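So that you can map any letter, position 223 of the sequence shown is 705 in this note's numbering, and since no number is skipped, the others follow by simple counting. Even for Gly, the Cβ is constructed at its ideal location relative to N, Cα and C. For clarity, every value in this text was computed on a predicted model and none was experimentally measured.
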Amino acid sequence: MLNNDNRRYFLPFTGKGEAEIHRFAQVYSRHPSLLSEFSAKVHKVTVGDAIDAVELWLAHNKQDATILRDMLHWELQVWRFSNVSDADRKKEFHEHVKALNEKRVHNSNVSEIAATYNQACKQEWIRRAEEEKLLVTYDQHQRLINQLEATQSTVDGHEASIAALTEDNATLTNHNAALQTAVQSLTEELRDNQETHAAEIKTLTNELNTTKKTLTDELNANKKTHAAEIKTLTDELRTTKTTHAAEIKTLTDELNTTKKTLTDELNANKKTHAAEIKTLTDELRTTKTTHAAEIKTLTDRYDKLAEKMDLILAGCQVEKA
Numbered sequence: 483m484l485n486n487d488n489r490r491y492f493l494p495f496t497g498k499g500e501a502e503i504h505r506f507a508q509v510y511s512r513h514p515s516l517l518s519e520f521s522a523k524v525h526k527v528t529v530g531d532a533i534d535a536v537e538l539w540l541a542h543n544k545q546d547a548t549i550l551r552d553m554l555h556w557e558l559q560v561w562r563f564s565n566v567s568d569a570d571r572k573k574e575f576h577e578h579v580k581a582l583n584e585k586r587v588h589n590s591n592v593s594e595i596a597a598t599y600n601q602a603c604k605q606e607w608i609r610r611a612e613e614e615k616l617l618v619t620y621d622q623h624q625r626l627i628n629q630l631e632a633t634q635s636t637v638d639g640h641e642a643s644i645a646a647l648t649e650d651n652a653t654l655t656n657h658n659a660a661l662q663t664a665v666q667s668l669t670e671e672l673r674d675n676q677e678t679h680a681a682e683i684k685t686l687t688n689e690l691n692t693t694k695k696t697l698t699d700e701l702n703a704n705k706k707t708h709a710a711e712i713k714t715l716t717d718e719l720r721t722t723k724t725t726h727a728a729e730i731k732t733l734t735d736e737l738n739t740t741k742k743t744l745t746d747e748l749n750a751n752k753k754t755h756a757a758e759i760k761t762l763t764d765e766l767r768t769t770k771t772t773h774a775a776e777i778k779t780l781t782d783r784y785d786k787l788a789e790k791m792d793l794i795l796a797g798c799q800v801e802k803a
C-alpha cells in the first residue's frame with residue numbers, strides 16, 4: 483500500500499502519516515497468531531465485542547495494547563470509545579467498518595488495490611499448497627518404500643526359516659535311514675536266529691533219530707524196561723518243537739510290527755515335511771512377485787514425483803531470478 487504507485491491513494495484514505503501506518507503494521511509482525519485468530523472471527527463479532535477486547539488488553543497492560551486501541555479508534559473513526567453509540571456497538575464489526583471505509587477518500591482506489599493484492603495472495607497460496615501436496619505425497623511414497631524394504635527383510639527371514647526346515651528334513655532323512663538300518667539289522671538277526679534254530683532242530687532231530695534208533699535197539703532188547711523212557715523222550719521232543727515254533731512265530735510277528743511302524747512313521751514324516759516346504763515355497767514366490775510389482779509401481783511414481791519436484795524447483799529458481 484505504501485509503494486510509489488499506491489501511497490498517493492492510501493495515505494489520504496487513512497488520514498494518517500506514514501510513520502503511524504508503520505507503527506500499526508508492527509503489531510501484525512509481533513502478534514501474528516492473535517491477529518490471524520481475529521481475522522478468522524471478524525465476521526462474527528460486534529463492534530462492542532472488539533471494544534471490550536481492546537479495553538481488556540489495556541486493563542492488563544498487555545504488549546501493544548495502546549497501538550491496538552489507536553488502530554480501533556481509526557477503524558471506528560472516533561477519538562475515544564465513549565463516542566461510539568449503543569446502536570453502533572450492536573452492529574457487526576466487519577459490516578460497520580466497511581460502511582465507514584466506503585465514506586473515506588479514495589475508497590474505490592484502495593478497494594481495487596486490496597482486491598488485486600488479495601487475488602495475488604490467493605494465487606500464491608494455491609501455488610504453495612500444490613507444492614506442499616506434492617511434498618507430502620513424496621514423503622508418503624518414501625515411507626511406503628521403507629515399509630516394503632522392511633517387508634523384504636521379513637521375507638529374507640522366511641527364507642532362512644525354509645533353509646532351517648530343509649536342514650531339519652535332512653536330519654530326519656538321516657534318522658529314517660538309521661531306522662531302516664536298524665530294521666535291516668533286526669531282519670538279519672531274525673534270519674540268523676531262524677538258521678540257528680533250524681540247525682538246533684536238525685541237530686535235535688538227528689539226536690532224536692539216533693536216540694530213537696538206540697532206544698529202538700534197546701527197546702527191541704528191553705521193550706518192557708524202556709517203554710516209559712521212550713514215551714518221556716517223545717513228549718520232551720514234542721514240547722521242544724512246539725516251544726521253538728512259538729518263539730519263531732513271536733519273533734516274526736515282532737519284526738513285521740516293527741517294520742510296519744517304522745515304515746508308517748517314515749512315510750508320514752516325508753508327507754508332512756514335503757507339504758510344509760511346498761507351502762512355504764509357494765508363499766515366498768507369491769510374496770516376492772507381489773513385492774516386486776509394488777516396488778516397481780512405487781518406483782515409477784517416485785520417478786514421476788521427482789520429475790515434478792525438479793520442475794517446481796526450477797520454476798522457483800526462475801521466479802527468484
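If I measure Cβ to Cβ from residue i and keep anything under 8 Å in the same chain, skipping five residues before and after, which residues do I get?
i: Leu-582; result: Glu-557, Leu-558, Gln-559
i: His-726; result: His-679, Glu-682, Ile-683
i: Lys-695; result: none
i: Thr-548; result: Leu-540
i: Leu-686; result: Leu-719, Thr-722
i: His-708; result: Leu-697, Glu-700, Leu-701
Within the same chain, show all residues whose beta-carbon is closer than 7 Å to that of residue i, passing over the 5 residues directly before and after it, in chain order.
i: Ile-712; result: Leu-697, Leu-701
i: Phe-506; result: Ile-549, Met-553
i: Glu-670; result: none
i: Leu-737; result: Leu-668, Thr-669, Leu-672
Spatial neighbours of residue i within its chain, please: CB distance less than 6 Å, with the 5 preceding and 5 following residues excluded, ordered by chain position.
i: Leu-484; result: With a pLDDT of only 49 at Leu-484, under the threshold of 50, the placement of this residue in the model should not be trusted; the figure read from the coordinates follows. Same-chain partners within the cutoff: there are none.
i: Phe-465; result: The shown model of the chain, from 483 to 803, leaves out residue 465, and the question about it has no answer.
In this structure, how does DSSP classify residue i when only helix, strand and coil are distinguished?
i: Glu-574; result: strand
Report the option in the options whose CA atom is closest to the CA atom of residue i.
i: Lys-572; options: Val-529, Asn-749, Ile-533, Arg-551; result: Val-529
i: Gln-662; options: Lys-731, Lys-741, Gln-676, Glu-729; result: Lys-741
i: Asp-638; options: Glu-765, Thr-781, Ala-775, Ser-667; result: Glu-765
i: Leu-739; options: Leu-668, Ser-567, Lys-786; result: Checking the displayed sequence, the identity of residue 739 turns out to be Thr instead of Leu. Checking every option, the nearest Cα to that of Thr-739 belongs to Leu-668.
i: Ala-632; options: Val-536, Arg-783, Thr-707, His-773; result: His-773
i: Val-579; options: Asp-546, Ser-564, Thr-724, Val-527; result: Val-527
i: Lys-523; options: Asp-552, Glu-577, Arg-505; result: Glu-577
i: Thr-693; options: Thr-716, Arg-609, Ile-608; result: Thr-716
i: Lys-770; options: Gln-634, Ile-794, Lys-802, Glu-747; result: Gln-634
i: Lys-544; options: Leu-516, Asn-565, Ile-608, Val-566; result: Leu-516
Which word fits residue i, buried or exposed, when buried means at least 16 other C-beta atoms lie within 10 angstroms of its C-beta?
i: Leu-554; result: buried
i: Val-800; result: exposed
i: Ala-757; result: exposed
i: Ala-532; result: buried
So residue i and residue j are supposed to be a Cβ contact under 8 Å. How far apart are they, rounded?
i: Val-509; j: Leu-550; result: 7 Å
i: Asp-546; j: Arg-512; result: 6 Å
i: Leu-733; j: Leu-672; result: 5 Å
i: Gln-676; j: Ile-759; result: Not confirmed; about 42 Å, so no contact.
i: Ile-794; j: Glu-584; result: Actually they do not touch by this definition, with Cβ atoms about 41 Å apart.
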